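Residue numbers (our numbering): 692 to 907.
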């Protein structure tokens, strides 16, 4: 009887072992590789950032009764999609803002698309000016630019200063709209002017060339 019990226990051990490991021809155990869900960048309701799996983020949103919203398809640096956990009120506010953006895009159907630029309130002046030049190029190419200035508590003054610098440098090529503060972030959109200086110069240049050619 004891031998039978022992054999049964040994069989169970080998059954469990087969599920968790693989055995090579030499008899060595090789752990199975773990499979991971798609990794994402998750922004919490308090603007905290973490890296997690999409499935875990969905479970977390269900437990906390929050909305899991994708705010960026692929981050240019991390190559991961960006999601944010929002309360119903925040989601409703974001939905209204999104509708306004769509309406603005319809009114200015010359837009080629949207680009997102994120800045830190602690950004160095040189890096800020580089970012401003990038925004100007996008506006000249008829892109809408969404800007997020992120910072910590008690850094609203720095964010406002950055906003003023952007406004001052881009007023000739873009229009700043929908400025709003959410948590520690300052957000706004930049819309290209329908007739930017570069576009006007290009049109004038083409007109002059046509005049030089004369009638056919």
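Where a beta carbon is used, it is the ideal one built from N, C-alpha and C, also for glycine. Note that this is a predicted model, so its numbers are computed, not measured.
Residues near residue i by beta carbon distance below 8 Å, same chain, minus five either side
| i | result |
| --- | --- |
| residue 748 | 731, 733, 759, 774 and 776 |
| residue 762 | 734, 773, 774 and 775 |
| residue 870 | 854, 877, 878 and 879 |
| residue 806 | 829, 834, 835, 836 and 837 |
| residue 823 | 856, 857, 860 and 861 |
| residue 740 | 732, 733 and 734 |
Collapsed DSSP secondary structure at residue i in the structure displayed
| i | result |
| --- | --- |
| residue 835 | strand |
| residue 820 | helix |
| residue 727 | A caution first: residue 727 carries a pLDDT of 47, below 50, which makes its placement in the model unreliable, though a value can still be read off. In this structure, residue 727 counts as coil in the three-state DSSP scheme. |
| residue 752 | helix |
| residue 871 | strand |
| residue 894 | Only weak support exists for where residue 894 lies, its pLDDT of 49 falling under 50; the value from the coordinates is given anyway. The answer is helix: DSSP assigns residue 894 an H, G or I state. |
| residue 900 | Only weak support exists for where residue 900 lies, its pLDDT of 48 falling under 50; the coordinates are left without a value. |
| residue 866 | strand |
| residue 767 | coil |
| residue 830 | helix |
| residue 857 | helix |
| residue 882 | strand |
| residue 745 | helix |
Nearest-angstrom beta carbon gap, residue j and residue i [assumed within contact, 8 Å]
| i | j | result |
| --- | --- | --- |
| residue 803 | residue 832 | 7 Å |
| residue 884 | residue 864 | 6 Å |
| residue 866 | residue 879 | Contact doesn't hold; Cβ gap of about 10 Å is too wide. |
| residue 840 | residue 850 | 5 Å |
| residue 838 | residue 814 | Between residue 814 and residue 838 the Cβ distance is about 12 Å, and since that is not below 8 Å, they are no contact. |
| residue 757 | residue 736 | 7 Å |
Check whether residue i and residue j have beta carbons under 9 Å apart
| i | j | result |
| --- | --- | --- |
| residue 843 | residue 812 | yes |
| residue 875 | residue 846 | yes |
| residue 819 | residue 810 | yes |
| residue 873 | residue 781 | yes |
Short CB-CB distance (under 9 Å) between residue i and chain C
| i | result |
| --- | --- |
| residue 817 | The question asks about chain C, but that chain is absent: this structure has only one protein chain. |
Residues near residue i in its chain [Cβ-Cβ closer than 7 Å; skip 5 each side]
| i | result |
| --- | --- |
| residue 764 | 772 |
| residue 742 | 730 and 732 |
Any non-hydrogen atom of the ligand NAP within 8 Å of residue i CB
| i | result |
| --- | --- |
| residue 828 | Among the components modelled here there is no ligand, and therefore nothing to report on the ligand NAP. |
Own chain, CB closer than 6 Å to residue i, minus 5 neighbours either side, in chain order
| i | result |
| --- | --- |
| residue 729 | 745 |
CA-to-CA distance, residue j to residue i, given in whole angstroms
| i | j | result |
| --- | --- | --- |
| residue 852 | residue 755 | 36 Å |
| residue 817 | residue 826 | 14 Å |
| residue 738 | residue 785 | 15 Å |
| residue 860 | residue 783 | 33 Å |
| residue 790 | residue 768 | 28 Å |
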